[in-house]
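Protein chains in written order, with the numbering used here: chain A, 712 to 1047; chain B, 68 to 317. Working notes for the structure below.
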Ligand SMILES: Nc1ncnc2c1ncn2[C@@H]1O[C@H](COP(=O)(O)OP(=O)(O)OP(=O)(O)O)[C@@H](O)[C@H]1O
Ligand SMILES: [Mg+2]
């Protein structure tokens, strides 16, 4: 038998420590960041209470006037903070984005995985990855210059004809900067990541199972529908949750096309909105001038809600997977 | 009732490499034909041409003519071809996300059968034909992947039989099975050939001798010898066939 030298024992020890540190660092980061945000948010919670979640007005008060004391914390006189419009804006724009992105990503991924081969497959895959790499500020700029006017003059006008049927589609169509444009911009930003993930998942479906379906006389679509999609379902839902999380947290592009609505809930698909992430970026500058610091604490509470919401959607997605997956819980023996 | 298949000058390629170099043979209706030959000689490629699965592989091409009774296989819709020409693969491949029941019912449902009792009857009938019913009757709604390898392979046979094809292609259906399951599969082939045309690829000489009426010996993409099984095994014409079946082959 080979004798294990002390040098290789040491190397093994170093390796174990290094992997341990590496493996625990995501948890450590998550906990530290969550703690800092939480601590920063506490004064705002004390000052605003639950009203923060269901109220509509975001008002930093008179930054040059007297300070106001309430529940043991201080804030500028007349200040009141509430996040409902931003919560609604975040959820609405991200849900629109995910609804648009699901079919586009799915079909693009199917084409990339099964329909094109060789050089074409390679080129198209690169394009998808390039799209993922476009800085969000560039997409935002495109949103302002091209997308928003097109939405205002064409898409929104056309959709508003459906107003009598679907109330939220009723006009006025506004400036083009608003909920619909935000949703579209977000969709563009999450399509590449969902597409790339789904393509990789589809390519992992063993050819044996697909040929089983083809050999049984299934059409291409039936193979996808009954064999491939069920096979990759867990991963696909995971990809959607990832995309949804990105859409909720996306800042710059949305800030540019959202219309930056304050103190107002969206009343139709074209209303100006604001999202939590965009407001944090947008308001931080002026918040820093608040001597009482309550404005910063309020933004921290907004960040906290954003984090919690992102985690919740992730858990929701996972719960959906396990709930519908119970019927086929015994996966033993799948030689994938 | 089974249908005959006649193959004329069948050539098949993967990319630029010619894998089948012009095969001409008649596969009789309601009989079992065994394909034997060393690994890589093109047996799988050959039967994959018979249900047009070959053309789904990247870069795969074929040429020549295959007729199913009086129809040209390559002018038919490939999906229709595969409903008439069923296939059992070398490695058991039950659909992993489906129950035993659904594995069989899916082909029937896609074929337009909606009636629940009819579905259940046909599922049961197929499982009985594949000699699997007794082992799974009490758990047909559990995942197919929980079955043993041999049971999975019989499930795949049942799945192929359920849609009532006319031809059944079997690519080494017993190569991964234990002797008892192998015997079951062989008995099954024996029964099935009364109503199906069966083409079975096998590495097992005894198996070919036991189940096949006719046997074809392939070598390097060519059909070397084809005839009644007894003739091939007792009195081969070609020296290479003799070498192969007596195990004197590289
Ligand atoms: N998908 C493919 N792409 C490229 N070449 C292939 C492919 N499938 C098979 N081949 C090649 O074609 C030739 C014939 O393969 P085939 O699978 O038909 O052999 P076989 O007789 O079934 O062998 P075995 O007994 O090992 O199953 C082999 O040389 C193989 O390398
Ligand atoms: Mg083979």
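Virtual Cβ for every residue (Gly too), placed ideally from N, Cα, C.
- Counting along the chain, residue 731 of chain A sits inside no beta strand (DSSP E); it lies in the alpha helix (DSSP H) bounded by residues 717 to 759.
- Here residue 758 of chain A has 781, 782, 784, 786, 1005 as same chain residues with Cβ atoms under 7 Å from its own Cβ, once five neighbours each way along the sequence are excluded.
- Relative to ligand 1, even the nearest heavy atom lies 8 Å or more away from the CB of residue 801 of chain A.
- Around residue 828 of chain A, the beta-carbon contacts reaching into chain B at under 7 Å are 125.
- Interface residue (Cβ-Cβ distance to chain A less than 9 Å): residue 173 of chain B is classified as such.
- Annotation for residue 100 of chain B: the continuous beta strand (DSSP E) segment containing it runs 99 to 103.
- The Cβ of residue 913 of chain A sits no closer than 9 Å to any Cβ of chain B.
- The beta-bridge partner set that DSSP reports for residue 112 of chain B is empty.
- In terms of side-chain proximity, the C-beta atom of residue 988 of chain A is found no nearer than 8 Å to any non-hydrogen atom of ligand 1.
- Annotation for residue 287 of chain B: no alpha helix (DSSP H) segment contains it, and DSSP assigns it neither H nor E.
- Residue 828 of chain A is a Cβ neighbour of residue 126 of chain B, given a cutoff of 9 Å.
- Using a cutoff of 8 Å, the CB of residue 1032 of chain A does not count as near ligand 2, since none of the ligand's heavy atoms is closer than that.
- Those residues having their beta-carbon less than 7 Å away from any non-hydrogen atom of ligand 2 are, in chain order, B:110, B:111, B:157, B:238, B:239, B:268.
- Residue A:823 holds the alpha-carbon nearest to the alpha-carbon of residue 836 of chain A among A:847, A:845, A:823.
- Counted as a single uninterrupted DSSP element, the stretch harbouring residue 872 of chain A is not any alpha helix (DSSP H), since DSSP gives it neither H nor E.
- Your pair residue 287 of chain B and residue 108 of chain B checks out as a contact, with CB atoms roughly 6 Å apart and the cut at 8 Å.
- Around residue 177 of chain B, the beta-carbon contacts reaching into chain A at under 7 Å are 929, 933.
- Distance check between residue 974 of chain A and each of A:905, A:834, A:730, A:771 places A:771 closest, using alpha-carbon atoms only.
- Looking at the DSSP output, residue 92 of chain B bridges to B:74.
- Set against 8 Å, the gap from the CB of residue 163 of chain B to the closest heavy atom of ligand 1 is not smaller.
- Contact check for residue 133 of chain B against residue 117 of chain B passes: the beta carbons are separated by less than 9 Å.
- Ranking B:106, B:142, B:247 by CA distance to the CA of residue 199 of chain B puts B:247 first.
- Taking the CA atoms as reference points, residue 983 of chain A sits about 21 Å from residue 996 of chain A.
- The nearest non-hydrogen atom of ligand 1 is less than 8 Å from the C-beta of residue 104 of chain B.
- Residue 134 of chain B has B:73, B:139 as its beta-bridge partners, per DSSP.
- Within its own chain, the residues whose Cβ lies closer than 7 Å to the Cβ of residue 85 of chain B, once the five positions on either side in sequence are excluded, are 78, 288, listed in chain order.
- Look at residue 227 of chain B: its C-beta is under 9 Å from a C-beta on chain A.
- The beta carbon of residue 303 of chain B sits closer than 7 Å to those of 292, 309, 312, all from its chain and outside the five residues before and after it, given in chain order.
- Rounded to whole angstroms, the Cβ separation of residue 894 of chain A and residue 804 of chain A is 5 Å, and the two are in contact under 8 Å.
- DSSP places residue 943 of chain A inside the alpha helix (DSSP H), whose first and last residues are 940 to 960.
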